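Note sheet for the following structure.
There are 2 protein chains.
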Amino acid sequence: MKWFYVYNDGTGGSQPPEAAGGRREELMRASEKAYTTLRSDIVDWRLPPGTVLAEVELSARLGVSRTPVREALARLSAEGLAEPQSGRGTVVSGISLDHVDELFELRSALECRAAELAANKRDPEVFLELHRQLGDAGRLITDADPARHDYYRLAGELDTAIDTAAGNHYLAQALKGLRVHLVRVRRLSKDNPARLRDAAREHADIALAIANGNAVVASAATTVHLDNSLRRLLAGRAAP
Amino acid sequence: MKWFYVYNDGTGGSQPPEAAGGRREELMRASEKAYTTLRSDIVDWRLPPGTVLAEVELSARLGVSRTPVREALARLSAEGLAEPQSGRGTVVSGISLDHVDELFELRSALECRAAELAANKRDPEVFLELHRQLGDAGRLITDADPARHDYYRLAGELDTAIDTAAGNHYLAQALKGLRVHLVRVRRLSKDNPARLRDAAREHADIALAIANGNAVVASAATTVHLDNSLRRLLAGRAAP
DNA sequence: ATAAAGGGTTGTGTATACAGAAAGCTTGCC
DNA sequence: GGCAAGCTTTCTGTATACACAACCCTTTAT
Chain A
1 MKWFYVYNDG TGGSQPPEAA GGRREELMRA SEKAYTTLRS DIVDWRLPPG
51 TVLAEVELSA RLGVSRTPVR EALARLSAEG LAEPQSGRGT VVSGISLDHV
101 DELFELRSAL ECRAAELAAN KRDPEVFLEL HRQLGDAGRL ITDADPARHD
151 YYRLAGELDT AIDTAAGNHY LAQALKGLRV HLVRVRRLSK DNPARLRDAA
201 REHADIALAI ANGNAVVASA ATTVHLDNSL RRLLAGRAAP
Chain B
1 MKWFYVYNDG TGGSQPPEAA GGRREELMRA SEKAYTTLRS DIVDWRLPPG
51 TVLAEVELSA RLGVSRTPVR EALARLSAEG LAEPQSGRGT VVSGISLDHV
101 DELFELRSAL ECRAAELAAN KRDPEVFLEL HRQLGDAGRL ITDADPARHD
151 YYRLAGELDT AIDTAAGNHY LAQALKGLRV HLVRVRRLSK DNPARLRDAA
201 REHADIALAI ANGNAVVASA ATTVHLDNSL RRLLAGRAAP
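Written out as structure tokens, the structure is:
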């Protein structure tokens with residue numbers, strides 16, 4: 001007997017699977033859809049901290065039943081993007097510049113170690129190429145791209161390359177969980193082209209140190225970059 | 001009108017709440033009960049890696065319905081103690097001595113940083129007391145306590161004191177998530193009194209460095225301790 | 001004999017019904 | 001008028017029904 005994918009008619013039944021993480025919304029499981037929607041809503045500040053995440057309201061808004069909504073809320077709570085309220089309900093977790101220093105302390109511990117491990121791998125090709133591209137990044141940061149997509153994409157590629165070179169599953173997992181919060185924090189402050197150009201130069205330094213196989217310098221460059229990033233962040237705090 | 005706590009009669013209804021984390025099993029929510037039961041079963045190796053966690057079977061064994069079982073499985077997956085199977089189901093996640101070095105690499109990054117932060121707090125009282133107790137720990141490690149409960153309790157107190165002194169919520173959270181896996185790994189190998197006495201001395205060194213406010217030494221002592229711990233672990237691998 | 005097709009069995013994904021439990025509102029008493 | 005007790009509303013926690021999907025076993029054709 002053959003099975004056919006049918007759309008949910010609202011009277012029970014499920015969506016086609018398409019391996020967790022598929023792109024098309026109609027092809028995603030309902031719980032996956034609820035999770036990704038809520039997650040991006042929180043990260044992009046469409047749901048600001050303190051927002052009450054009521055199951056019935058969400059299930060109506062997202063067009064799924066409460067069961068997948070509950071699963072999504074559980075995953076968000078585990079990630080730290082939401083927090084179970086004392087008595088009743090779940091709220092979007094708070095994040096403020098008052099605690100960003102703690103976040104950066106953890107980030108520093110993880111990224112410095114990752115940079116050291118990557119440097120010790122002695123695999124310069126990827127990082128030399130990234131060093132070259134980051135040296136040219138000043139040209140990417142123009143008024144034509146206000147969201148700085150190109151720059152952030154390049155920075156993300158460096159992160160990925162370091163994670164891969166470090167070759168540590170647990171470390172990569174910890175960093176992945178941390179970066180969600182960092183994206184969220186970034187929206188708290190305004191950047192400007194000059195600062196991003198500085199950041200690109202610091203990234204280029206990190207890539208070069210890793211390419212040279214110098215773990216001490218790679219760690220130090222990461223420390224310097226993160227300290228500068230934190231101060232840029234605090235200096236550029238957006239108006240409340 | 002007054003409400004009374006009633007036990008579940010199996011036809012719907014819920015358990016009394018008693019704030020997540022209550023002790024008495026009958027007072028726990030069903031999802032909490034399923035979670036804590038499964039978690040300790042996995043950590044204590046009663047459910048070895050690869051065990052299939054089937055929802056229907058678990059709901060029958062734990063005496064709750066599938067909904068709280070699903071919530072428990074979601075939390076376990078988020079912690080890394082279980083993994084969603086490709087097509088269908090969830091299995092207890094694998095852990096082997098082949099990847100313990102990666103686990104210790106992450107642990108080292110986090111604990112070294114935590115020790116540095118604690119040392120910089122300059123609050124010697126607690127750590128001087130722990131240093132004293134750890135110096136006497138040799139007497140705790142006797143054949144009268146084969147499970148070494150007293151020693152592990154003391155080591156746990158040092159961890160807690162460092163977390164508290166470091167004063168970083170994100171770092172403490174990351175360490176908490178990591179220690180679950182470390183407990184699980186510990187069961188993979190056999191310890192012996194001489195090795196534990198060495199470990200106690202290393203812990204005493206860490207406590208002293210923190211009490212002295214010397215961040216460099218605190219980090220170095222942590223590095224040394226973790227390197228020794230990893231080698232003790234690999235040397236004492238239990239028979240398969 | 002082997003491989004493919006078909007049907008059964010079992011298990012997950014989702015929706016929904018129902019039973020507490022908490023917040024808000026109303027009402028009556030002082 | 002204020003406060004407390006009861007009622008109402010609404011929300012979460014849990015159980016369960018059902019649809020789809022995967023595995024497995026049988027059957028059949030080559």
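Protein chains in written order, with the numbering used here: chain A, 1 to 240; chain B, 1 to 240.
We put the beta carbon where it would ideally sit given N, CA and C, even for glycine.
If you're wondering where the values come from, they're calculated on a predicted model, not measured in any experiment.
- When the Cα atoms are used, B/P68 and B/Y35 turn out to be separated by approximately 8 Å.
- In the three-state reduction of the DSSP assignment, B/V52 falls in the strand class.
- A/A144: not part of any alpha helix (DSSP H); DSSP gives it neither H nor E.
- Within chain B, the C-beta atoms nearer than 7 Å to that of A/R75 come from A74 and A78, in chain order.
- Around the beta carbon of A/N168, 16 or more other beta carbons sit within 10 angstroms, so the residue counts as buried.
- For B/A82, there is no enclosing alpha helix (DSSP H); the enclosing beta strand (DSSP E) has its first and last residue at A82 to P84.
- Secondary structure of A/R61 (DSSP, three-state): helix.
- DSSP places B/N120 in the uninterrupted alpha helix (DSSP H) bounded by V100 to K121.
- Distance from the CA atom of B/R39 to the CA atom of B/L76, rounded to whole angstroms, is 7 Å.
- Listed in chain order, the positions of the region 158-178 of chain A with a beta carbon within less than 7 Å of a beta carbon of chain B are N168, H169, Y170, L171 and A174.
- Within a 10 Å sphere around the beta-carbon of A/S96 sit fewer than 16 other beta-carbons, which makes this residue exposed.
- Cα atoms of A/R195 and A/A235: separation of roughly 11 Å, rounded to the nearest angstrom.
- Only H99, E102, L103, E105, L106, S108, A109 and L110 from the region 93-111 of chain B bring a Cβ to less than 8 Å from some Cβ of chain A.
- Rounded to the nearest whole angstrom, the CA to CA distance from A/R113 to B/E79 is 22 Å.
- Per the coordinates, the alpha-carbon of A/R66 lies some 22 Å from the alpha-carbon of B/R88.
- Looking from the CA of A/S93, the closest CA among A/V185, A/L171 and A/Q173 belongs to A/V185.
- Under the DSSP definition of a beta bridge, A/T90 partners with A/L53 and A/P84.
- The CB of B/E83 never comes closer than 7 Å to any CB in chain A; the least such distance is about 12 Å.
- Listed as beta-bridge partners of B/R237 by DSSP are B/S189.
- For a Cβ distance threshold of 8 Å, residue set R70, E71 and A74 of chain B lies close to A/E71, ordered along the chain.
- At a cut-off of 7 Å between beta-carbon atoms, A/R88 makes no contact with chain B.
- The criterion of a C-beta distance shorter than 7 Å is satisfied by B/R197 and B/I141.
- Annotated as distal: A/A119 and A/A200, with beta-carbon spacing of 7 Å or more.
- Fully enclosed alpha helix (DSSP H) runs of no fewer than 4 residues occupy 149-166 of the region 132-166 of chain B, in order along the chain.
- If the five residues before and after A/V217 are omitted, its C-beta is found closer than 7 Å to the C-beta atoms of A209, all from its own chain and listed in chain order.
- Put simply, of A/D163, A/L230 and A/A211 the residue whose alpha carbon is nearest the alpha carbon of A/K190 is A/L230.
- Between A/A115 and A/I162, the beta carbon gap of about 6 Å places them in contact (Cβ cut-off 8 Å).
- Neighbours of A/R237 in chain B, taken as residues whose beta carbon is under 8 Å from its own, are absent, since the nearest beta carbon is some 20 Å off.
- Contact of B/R184 with chain A is not assigned, every C-beta pair being separated by 7 Å or more.
- At the C-beta level, B/L134 and B/H225 stay beyond 7 Å of one another.
- Taking a 10 Å sphere around the C-beta of A/D205, we find 16 or more other C-beta atoms and assign the residue as buried.
- Interface flag for A/R66 against chain B is unset, since no Cβ pair is found closer than 7 Å.
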